[in-house]
Amino acid sequence: KQEVTQIPAALSVPEGENLVLNCSFTDSAIYNLQWFRQDPGKGLTSLLLIQSSQREQTSGRLNASLDKSSGRSTLYIAASQPGDSATYLCAVRVGSARQLTFGSGTQLTVLP
Amino acid sequence: GAVVSQHPSWVICKSGTSVKIECRSLDFQATTMFWYRQFPKQSLMLMATSNEGSKATYEQGVEKDKFLINHASLTLSTLTVTSAHPEDSSFYICSARDETVSQETQYFGPGTRLLVL
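Those sequence lines, one after another, are chains A and B. Offset between the first sequence (1-based) and my numbering: plus 865. Offset between the second sequence (1-based) and my numbering: plus 1323.
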């Protein structure tokens, strides 16, 4: 059974810092991995999707990397802003399974 | 990007009543939709996969007679919480896949907060 772990559970940084969020998964035979953002009491916004054949994806200040063999992904946020404060979730899709398995999330607070 | 809506956004009900939550894909057709439940400060747990025109597939431990799912069209799935109890209070989120998109991104609704008194 696929298990997804995110470390740290919570992170607080001053504005302007670069930061890295970590995601690990136990079954390396993934189809793709996705990073989401969730604001309090809201649904999920997809940030980046990495196919199993890809190593990284970039969108603006966000860069996500994928190392399938080691079962790891990182989300790099450059020049953090208070508006980046949210919970960040990673999720993996395994093989032919249609559903996503989510990590428990990292709650990020960027202090002004 | 594709949009998925949910209605209602929040609901308060008395114990023993039934609550219906709608999930709609607004600008694409979705043969498959997913229902998740999220407790405070926890991640999303998949409850069931809703298949258009056929029965839903429930995850282990989810009572299908309590959480009724109907996917009657390519743009609408409903989740009915029957005889709701306080322990059913949670945040329910649906998602849908746009299978015309090569990367098969899942789009999530804004969620429905259910409080059972």
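Think of the CB as a built atom: it goes at the ideal place given N, C-alpha and C, for glycine as much as any other residue.
Candidates the options: which alpha carbon is nearest residue i's?
{"i": "residue 1376 (chain B)", "options": "B:1386, B:1383, B:1355", "result": "B:1355"}
{"i": "residue 872 (chain A)", "options": "A:945, A:928, A:885, A:866", "result": "A:885"}
{"i": "residue 1383 (chain B)", "options": "B:1410, B:1391, B:1394, B:1370", "result": "B:1370"}
{"i": "residue 1440 (chain B)", "options": "B:1344, B:1338, B:1329, B:1327", "result": "B:1338"}
{"i": "residue 883 (chain A)", "options": "A:935, A:947, A:904", "result": "A:947"}
{"i": "residue 943 (chain A)", "options": "A:868, A:880, A:876", "result": "A:880"}
{"i": "residue 1362 (chain B)", "options": "B:1331, B:1394, B:1406, B:1410", "result": "B:1410"}
Can you round the beta-carbon distance between residue i and residue j to whole angstroms, since I take them to be within the 8 Å contact cut?
{"i": "residue 945 (chain A)", "j": "residue 939 (chain A)", "result": "Between residue 939 (chain A) and residue 945 (chain A) the Cβ distance is about 15 Å, and since that is not below 8 Å, they are no contact."}
{"i": "residue 951 (chain A)", "j": "residue 967 (chain A)", "result": "That pair is no contact at about 15 Å."}
{"i": "residue 878 (chain A)", "j": "residue 976 (chain A)", "result": "7 Å"}
{"i": "residue 897 (chain A)", "j": "residue 914 (chain A)", "result": "6 Å"}
{"i": "residue 1417 (chain B)", "j": "residue 1358 (chain B)", "result": "5 Å"}
{"i": "residue 909 (chain A)", "j": "residue 1431 (chain B)", "result": "4 Å"}
Run down chain A in chain order and give the residues with a C-beta less than 7 Å from the C-beta of residue i.
{"i": "residue 1369 (chain B)", "result": "964"}
{"i": "residue 1344 (chain B)", "result": "Those within 7 Å of residue 1344 (chain B) in chain A number zero; the least Cβ separation is about 13 Å."}
{"i": "residue 1340 (chain B)", "result": "Simply none; closest approach about 23 Å."}
Give me the chain A residues within the contact set of residue i, using Cβ-Cβ distance strictly less than 9 Å, ordered along the chain.
{"i": "residue 1436 (chain B)", "result": "906"}
So what does DSSP say about residue i, is it helix, strand or coil?
{"i": "residue 949 (chain A)", "result": "helix"}
{"i": "residue 921 (chain A)", "result": "strand"}
{"i": "residue 879 (chain A)", "result": "strand"}
{"i": "residue 868 (chain A)", "result": "coil"}
{"i": "residue 932 (chain A)", "result": "strand"}
{"i": "residue 1410 (chain B)", "result": "helix"}
{"i": "residue 939 (chain A)", "result": "strand"}
{"i": "residue 1379 (chain B)", "result": "coil"}
{"i": "residue 1386 (chain B)", "result": "coil"}
{"i": "residue 1366 (chain B)", "result": "coil"}
Anything in chain B within Cβ reach of residue i, meaning under 9 Å, just list it in chain order.
{"i": "residue 911 (chain A)", "result": "1324, 1428, 1429, 1430, 1431"}
{"i": "residue 876 (chain A)", "result": "Under the 9 Å cutoff, chain B gives no residues; its nearest Cβ is about 15 Å from residue 876 (chain A)."}
List, in order along the chain, the chain B residues whose C-beta lies closer than 8 Å to that of residue i?
{"i": "residue 968 (chain A)", "result": "1366"}
What does residue i reach in chain A if we use C-beta pairs closer than 8 Å?
{"i": "residue 1416 (chain B)", "result": "908, 909"}
With 7 Å as the C-beta to C-beta threshold (strictly closer), list the residues of the segment 885-900 of chain A near chain B in chain order. none
Mind checking the segment 949-961 of chain A against chain B and listing, in chain order, the residues whose C-beta falls within less than 7 Å of any C-beta there? 954
Along the segment 1344-1363 of chain B, where does the CB come closer than 7 Å to a CB of chain A? Name the residues. 1355, 1357
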